[in-house]
Amino acid sequence: MNPTLSRPAWLLLARLGAVALILALWQTVVSAGLLPSMVPGIADVASAIVTSLSNPLFWGALGRTLLAALAGWMIATVVGVVLGLLIGSIRFLDRSTSILIDFGRSFPVLALMPVVIMLLGSTTTMEIVVVALSALWPVLVQTIYGARRQEAAVADTVAVFRIPAGLRFRRVLLPGAMPFIATGVRISSAISILVAVGVEVISQAPGIGRQITLMQQNQQWDVAFAYLFFTGLVGWGIAVGLQKIEDKLLTWKRQMND
Amino acid sequence: MTIQDSPAAATTHVMQVRGMSMSYGTGAAFNPILQDLDLDVVAGEFVSIVGPSGVGKTTLLRCLSGLLTPQAGTITVSGDEVHGPHPDLAVVFQDYSRSLMPWMTTRENVAFPLQGKGLGKAERNALADENLAAVGLAGQGDKYPWEMSGGMQQRVAIARALAYQAKVLLMDEPFASVDAQTRFDLEDLVLKLQHELGVTILLVTHDIDEALYLADKVVVIAEKPATVVDVIETGFGEDRDQLATKADPRFAEARARIMHRLKKD
Ligand SMILES: Nc1ncnc2c1ncn2[C@@H]1O[C@H](COP(=O)(O)OP(=O)(O)OP(=O)(O)O)[C@@H](O)[C@H]1O
Ligand SMILES: [Mg+2]
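Those protein sequence lines, which keep their order, are chains Y and F.
The working numbering puts the first residue of the first sequence at 557, with every later residue one more than the last.
The working numbering puts the first residue of the second sequence at 11, with every later residue one more than the last.
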């Protein structure tokens, strides 16, 4: 072991090593002919990635998908947070909706797609609706947890100082539930991208998912894999970004746990 | 205890409690806590309520602050019958560190109740800074509660109650979880603020010395269910000193009387 390397440097090395191992394994399996011939080798995918970078069609499709995912995700976040705070802080609502929410969170929205397509067509609107319906649950469930767990002392304080409902909602319930909301929002971001791509694959609504299907139909497997790679990269980038924002926003939570 | 019922006396009473009873649970779990309790608090007075652990002090304070509704009796604050938190009351909770919101700076914590009262931002912040300075935390408004010691957090909770400009401050064992020296400092701070601002303070404690040292009037509650068993006017005047006042023969006499009262049951 190299004692001059710091711990983060080691971690980075280890992570790169893991990626290299997977790639090597892939290449070995492909070269050995263990997989159907349509699975491309690493060099093919790499060159397809480079070519895609200068392909406006690719960027346009990826942009469409991301916009639809973003729209659905934002709707899910706003609706989930508002509903979740209401439900979690009003015991009557909490009790009366719990069955509905347990049912909804395990409902396979993708299976409902034929109906949604019939209603809205293979459009971006349809895509946004399906994304929002799928991404809603993690935010909603987490926000309800967060709103339920208000400190008794905080609730007493709010009551004694006669804080009006709207102010309590914004400055007490929302920040108090924020650590839970953040987790829900992060989970939902990943779901949004996955569902957006999936919806495009199934419904042929325009976007990167549809491009992936088209490339597969054209036998351009290397390009299809390159697009898949980009989709994963975007999802990963968003998760990392959100974690950074979360760390900044929730300093108080980390400090309190110390 | 003496009960003054003349209308003239009622006007100077900022708080009056008559025949209050409170219990938890029903049926087999029925647990009577307070029984037929009377209390008079005159404007500007410092009243200590002292009683053993578990006697129902917190329950009493929660009833007075409108957080709990007693089963029987009446509570009036500034002449209004209490049916919920009254605008003339502010509370410093025993669990002070949890009653401060960790996502707000100390200034925001102190200013927050004023936002509920509809004050503008500049006015709120000015009042917050003023009251933080009054409790010895000048210039600390940008810190978060979790960056502060327990004693400092308790000062923030006091500043918040003061800034709210309530007539009556209710305090539930406010100094129970800080070290002895911090406790003496906070006791003297509260006495000083009370004299400067003329606010009425009702403090609940199980510590007989603290109750006597701070109060103009000590109300002793005991028994199960709890009721008022003694009321003592301390008569120490405004100038109090942790050593001199506690060495006063009247202090020892009053303390003996309270201990005797509490032991008898
Ligand atoms: N919410 C509640 N539900 C049922 N019983 C309660 C509740 N709160 C308190 N009690 C009971 O009422 C009694 C009095 O409690 P309370 O907290 O008022 O006493 P206290 O004098 O403040 O005690 P301490 O000195 O420990 O703070 C206790 O026996 C307690 O178990
Ligand atoms: Mg108590």
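For glycine and all other residues, C-beta sits at the position ideal for the given N, C-alpha and C.
Cβ pair residue i, residue j closer than 9 Å
{"i": "residue 2 of chain F", "j": "residue 46 of chain F", "result": "No statement about residue 2 of chain F is possible, as the shown extent of chain F runs from 11 to 275 and does not include it."}
{"i": "residue 791 of chain Y", "j": "residue 746 of chain Y", "result": "yes"}
{"i": "residue 124 of chain F", "j": "residue 82 of chain F", "result": "no"}
{"i": "residue 102 of chain F", "j": "residue 190 of chain F", "result": "no"}
{"i": "residue 683 of chain Y", "j": "residue 588 of chain Y", "result": "no"}
{"i": "residue 256 of chain F", "j": "residue 244 of chain F", "result": "no"}
{"i": "residue 146 of chain F", "j": "residue 117 of chain F", "result": "no"}
{"i": "residue 763 of chain Y", "j": "residue 617 of chain Y", "result": "yes"}
{"i": "residue 198 of chain F", "j": "residue 252 of chain F", "result": "yes"}
{"i": "residue 183 of chain F", "j": "residue 215 of chain F", "result": "yes"}
{"i": "residue 757 of chain Y", "j": "residue 749 of chain Y", "result": "no"}
{"i": "residue 866 of chain Y", "j": "residue 97 of chain F", "result": "This structure leaves residue 866 of chain Y out entirely; chain Y is present only between 557 and 814."}
{"i": "residue 636 of chain Y", "j": "residue 740 of chain Y", "result": "yes"}
{"i": "residue 30 of chain F", "j": "residue 84 of chain F", "result": "yes"}
{"i": "residue 633 of chain Y", "j": "residue 753 of chain Y", "result": "no"}
{"i": "residue 716 of chain Y", "j": "residue 76 of chain F", "result": "yes"}
{"i": "residue 24 of chain F", "j": "residue 221 of chain F", "result": "no"}
{"i": "residue 179 of chain F", "j": "residue 188 of chain F", "result": "no"}
{"i": "residue 751 of chain Y", "j": "residue 687 of chain Y", "result": "yes"}
{"i": "residue 201 of chain F", "j": "residue 58 of chain F", "result": "no"}
Partners in chain F for residue i, counting only beta-carbon separations shorter than 7 Å
{"i": "residue 663 of chain Y", "result": "None at all; the shortest Cβ gap to chain F is about 34 Å."}
{"i": "residue 728 of chain Y", "result": "111"}
{"i": "residue 832 of chain Y", "result": "Nothing in the structure corresponds to residue 832 of chain Y, since chain Y is present only between 557 and 814."}
Proximity to residue i [Cα-Cα], best of the options
{"i": "residue 578 of chain Y", "options": "Y/566, Y/597, Y/589 and Y/714", "result": "Y/597"}
{"i": "residue 725 of chain Y", "options": "Y/741, Y/812, Y/659 and Y/704", "result": "Y/704"}
{"i": "residue 608 of chain Y", "options": "Y/783, Y/741 and Y/808", "result": "Y/783"}
{"i": "residue 177 of chain F", "options": "F/212, F/159 and F/194", "result": "F/212"}
{"i": "residue 22 of chain F", "options": "F/40, F/239 and F/52", "result": "F/52"}
{"i": "residue 56 of chain F", "options": "F/252, F/254, F/203 and F/263", "result": "F/203"}
{"i": "residue 660 of chain Y", "options": "Y/711, Y/719 and Y/692", "result": "Y/692"}
{"i": "residue 666 of chain Y", "options": "Y/690, Y/653 and Y/565", "result": "Y/690"}
{"i": "residue 755 of chain Y", "options": "Y/565, Y/780, Y/571 and Y/668", "result": "Y/668"}
{"i": "residue 249 of chain F", "options": "F/258, F/241 and F/242", "result": "F/258"}
{"i": "residue 160 of chain F", "options": "F/140, F/135, F/105 and F/59", "result": "F/105"}
{"i": "residue 809 of chain Y", "options": "F/171, F/49 and F/154", "result": "F/154"}
{"i": "residue 142 of chain F", "options": "F/129, F/171 and F/156", "result": "F/171"}
{"i": "residue 43 of chain F", "options": "F/59, F/69, F/54 and F/28", "result": "F/69"}
{"i": "residue 734 of chain Y", "options": "Y/651, Y/720, Y/621 and Y/695", "result": "Y/695"}
{"i": "residue 706 of chain Y", "options": "F/31, F/234, F/25 and F/110", "result": "F/110"}
{"i": "residue 729 of chain Y", "options": "Y/801, Y/768 and Y/639", "result": "Y/639"}
{"i": "residue 801 of chain Y", "options": "Y/744, Y/738, Y/615 and Y/812", "result": "Y/738"}
{"i": "residue 759 of chain Y", "options": "Y/613, Y/781, Y/670 and Y/773", "result": "Y/670"}
{"i": "residue 27 of chain F", "options": "F/41, F/49 and F/209", "result": "F/49"}
{"i": "residue 604 of chain Y", "options": "Y/785, Y/742 and Y/675", "result": "Y/785"}
{"i": "residue 731 of chain Y", "options": "F/210, F/114 and F/175", "result": "F/114"}
{"i": "residue 720 of chain Y", "options": "F/122, F/261 and F/149", "result": "F/122"}
{"i": "residue 611 of chain Y", "options": "Y/649, Y/779 and Y/629", "result": "Y/779"}
{"i": "residue 699 of chain Y", "options": "Y/594, Y/788, Y/646 and Y/619", "result": "Y/646"}
{"i": "residue 811 of chain Y", "options": "F/38, F/242 and F/156", "result": "F/156"}
{"i": "residue 218 of chain F", "options": "F/272, F/138 and F/158", "result": "F/272"}
{"i": "residue 641 of chain Y", "options": "Y/799, Y/797, Y/727 and Y/744", "result": "Y/727"}
{"i": "residue 619 of chain Y", "options": "Y/807, Y/805, Y/722 and Y/766", "result": "Y/766"}
Proximal chain F residues relative to residue i, where beta-carbon distance stays under 9 Å
{"i": "residue 719 of chain Y", "result": "122, 123, 125 and 126"}
{"i": "residue 811 of chain Y", "result": "112, 154, 156 and 157"}
Beta-carbon neighbours of residue i, restricted to chain Y and to distances below 9 Å
{"i": "residue 56 of chain F", "result": "Those do not exist, as residue 56 of chain F stays about 20 Å from chain Y at its closest Cβ, beyond 9 Å."}
{"i": "residue 100 of chain F", "result": "716 and 717"}
{"i": "residue 329 of chain F", "result": "The first residue shown for chain F is 11 and the last is 275, placing residue 329 of chain F beyond what the model contains."}
{"i": "residue 165 of chain F", "result": "None at all; the shortest Cβ gap to chain Y is about 16 Å."}
Amino acids of chain Y, ordered along the chain, whose beta-carbon sits closer than 7 Å to that of residue i
{"i": "residue 105 of chain F", "result": "709"}
Partners in chain F for residue i, counting only beta-carbon separations shorter than 8 Å
{"i": "residue 647 of chain Y", "result": "None at all; the shortest Cβ gap to chain F is about 16 Å."}
{"i": "residue 666 of chain Y", "result": "What residue 666 of chain Y touches in chain F: nothing, since even the nearest Cβ is about 37 Å away."}
Partner residues on chain Y for residue i, Cβ-Cβ distance less than 8 Å
{"i": "residue 95 of chain F", "result": "715, 716, 717 and 718"}
{"i": "residue 28 of chain F", "result": "Chain Y residues near residue 28 of chain F: none, gap ~22 Å exceeds 8 Å."}
Contact set between the segment 563-580 of chain Y and chain F, restricted to residues whose Cβ is under 8 Å from the partner: Against chain F - using a Cβ distance shorter than 8 Å - the segment 563-580 of chain Y contributes no residues.
Contacting positions in the segment 112-142 of chain F - beta carbon closer than 7 Å to chain Y: Answer in chain order: 112, 113, 122, 123, 125 and 126.
Interface positions of the segment 628-642 of chain Y facing chain F (Cβ-Cβ less than 8 Å), listed along the chain: Interface annotation for the segment 628-642 of chain Y against chain F: empty, criterion Cβ-Cβ distance under 8 Å.
Chain-ordered residues of the segment 63-85 of chain F with a beta carbon less than 9 Å from chain Y: The segment 63-85 of chain F vs chain Y, Cβ under 9 Å: 72, 75, 76 and 77.
Positions along the segment 682-715 of chain Y whose CB lies within less than 7 Å of some CB in chain F: So the list reads 707, 709, 710, 712, 713 and 715, given in the order they occur along the chain.
Near-chain Y residues of the segment 144-160 of chain F (beta-carbon distance less than 7 Å), N- to C-terminal order: The segment 144-160 of chain F vs chain Y, Cβ under 7 Å: 154 and 156.
Chain Y contacts made by the segment 170-190 of chain F, where a contact means CB separation under 7 Å: Those residues of the segment 170-190 of chain F that come within reach of chain Y (Cβ to Cβ, closer than 7 Å) are 174.
Residues, ordered as in the chain, of the segment 587-613 of chain Y that lie near chain F by beta-carbon distance below 7 Å: Listed in sequence order: no entries.
Contact list for the segment 729-740 of chain Y against chain F, Cβ threshold 8 Å: Of all residues in the segment 729-740 of chain Y, 731, 732 and 734 have a Cβ within less than 8 Å of some Cβ in chain F.
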